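Going from the sequence shown to this note's numbering is simple: count from 1 and add 18. C-beta atoms are modelled at their ideal positions from N, C-alpha and C, and glycine is treated no differently. Computed from a predicted structure; not experimentally measured.
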Amino acid sequence: DKFIRQYMPLVKYVAGKVSTGMPESVEFDDLVGFGQFGLLDAINKYDPDKNVKFKTYAVTRIRGAIFDELRELDWVPRSVRQKSREIEDTIVDLEARLGRTASDAEIAKAMGMTESEYETTVMKISGTSILSLNDVWYSGDDSDHMSIGDNIESPSSLNPDVIVEREEVRKVIIQAINELPKNEKMVIVLYYNEDLTFREIGQVLNVSESRISQLHTKANMRLRAKLTSLRKGIF
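Structure representation (structure tokens):
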């Protein structure tokens with residue numbers, strides 16, 4: 019109980035970050051409650067021999083528990099989820115043909131949209147993107163899950179004897195982050211590595227919070243597309 023009380027501020031902190039961009043129907047207190055399950059899971063499964071700080075491990079588990087519960091609630095409208103997948107599939111096909119990162123203009127054209135229509139579509143999706151970025155992409159044993167977010171936050175904390183598949187995914191994620199357009203890469207790094215909120219990142223880049231949410235969504239879809247390509251054996 020003492021350990022739980024000690025780390026409750028961490029649960030609230032993670033819940034606060036997750037709540038950014040969520041619809042009003044998602045209550046902060048509910049996110050905190052979901053996060054508590056993750057904290058308990060972290061306490062029960064933490065292995066100090068893996069050379070990862072408890073706080074780093076706990077953040078991953080807390081966030082994972084929150085997103086697991088949100089997926090169960092399935093609050094994302096089907097039409098929004100479908101459009102997000104269409105964009106990701108378009109990025110996969112385009113970049114396979116081009117052999118490089120596709121521009122917004124190229125993505126829009128491939129989807130039969132103007133750039134303005136594409137930007138509007140991304141804005142509609144932006145409230146859901148935080149879920150996708152924390153999807154688990156590789157699952158070995160129960161303590162060896164890996165998400166895009168995990169790699170951004172602590173790329174040096176991976177066990178040196180990880181299996182080949184996990185290492186391959188990690189390399190693709192890091193490469194994909196490095197290939198992001200400058201502003202998208204900065205948003206990802208500041209949000210996951212420096213723990214800034216969308217509002218704070220907006221102040222750094224001198225743009226609105228909604229624009230940061232949009233950039234975060236674009237980066238997320240590009241990263242997911244890269245992982246989809248990996249699964250299809252393109253990389």
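CB contact flag (residue i, residue j, <9 Å)
i	j	result
THR139	MET131	yes
ILE105	ILE125	yes
TYR25	LEU57	yes
ALA60	PHE46	no
MET204	LEU223	yes
ALA114	SER226	no
GLU135	ASP122	no
GLU202	HIS234	yes
Minimum C-alpha distance to residue i - residue among the options
i	options	result
SER214	GLY53, MET26 and LYS35	In the sequence under discussion, the amino acid at residue 214 is Leu, which differs from the Ser named in the question. Out of GLY53, MET26 and LYS35, LYS35 has the C-alpha closest to the C-alpha of LEU214.
SER37	LYS73, GLN24 and PHE85	PHE85
LYS236	ILE206, ASP111 and ASN211	ILE206
ALA95	MET40, GLY51 and PRO66	Per the sequence presented here, residue 95 reads as Pro, with Ala not at that position. Nearest option by C-alpha distance: MET40.
LEU88	PHE52, GLU218 and TYR75	PHE52
LEU28	VAL44, TYR209 and THR74	THR74
TYR64	SER144, ALA76 and PHE55	ALA76
ARG217	ILE230, LYS189 and GLU90	ILE230
GLN54	LEU112, LYS101, PHE21 and GLY220	PHE21
GLU90	LEU245, ASP111, THR78 and LEU49	LEU49
LYS189	LEU245, GLN221, SER228 and ASN69	LEU245
ALA62	GLU42, VAL44, SER43 and ASP19	Checking the sequence, you will find Asn at residue 62 rather than Ala. The shortest C-alpha separation from ASN62 is found at ASP19.
Integer Cβ distance of residue i from residue j, believed to fall under 8 Å
i	j	result
GLN232	MET141	6 Å
ILE109	ALA194	Incorrect: roughly 11 Å between the Cβ atoms, too far for contact.
LEU241	ILE191	7 Å
ILE143	LYS101	6 Å
SER219	TYR210	Correcting the residue type first, residue 219 is Ile in the shown sequence and not Ser. Not really, about 11 Å apart at Cβ, beyond 8 Å.
Endpoints, alpha helix (DSSP H) assigned at residue i
i	result
GLY220	216-223
LYS101	96-116
SER134	133-143
PRO66	Unbroken run through PRO66: none, as it is neither H nor E.
ASP213	First-last for ASP213: undefined, no H or E at that position.
ASP122	122-128
PRO27	20-37
LEU88	72-91
VAL205	200-206
Cβ-heavy atom distance, residue i to the ligand ADP, below 8 Å
i	result
SER231	This structure simply doesn't include the ligand ADP, nor any ligand for that matter.
Residue-chain proximity (residue i, chain C), Cβ-Cβ < 9 Å
i	result
LYS68	The displayed structure is made up of one protein chain only, and chain C is not part of it.
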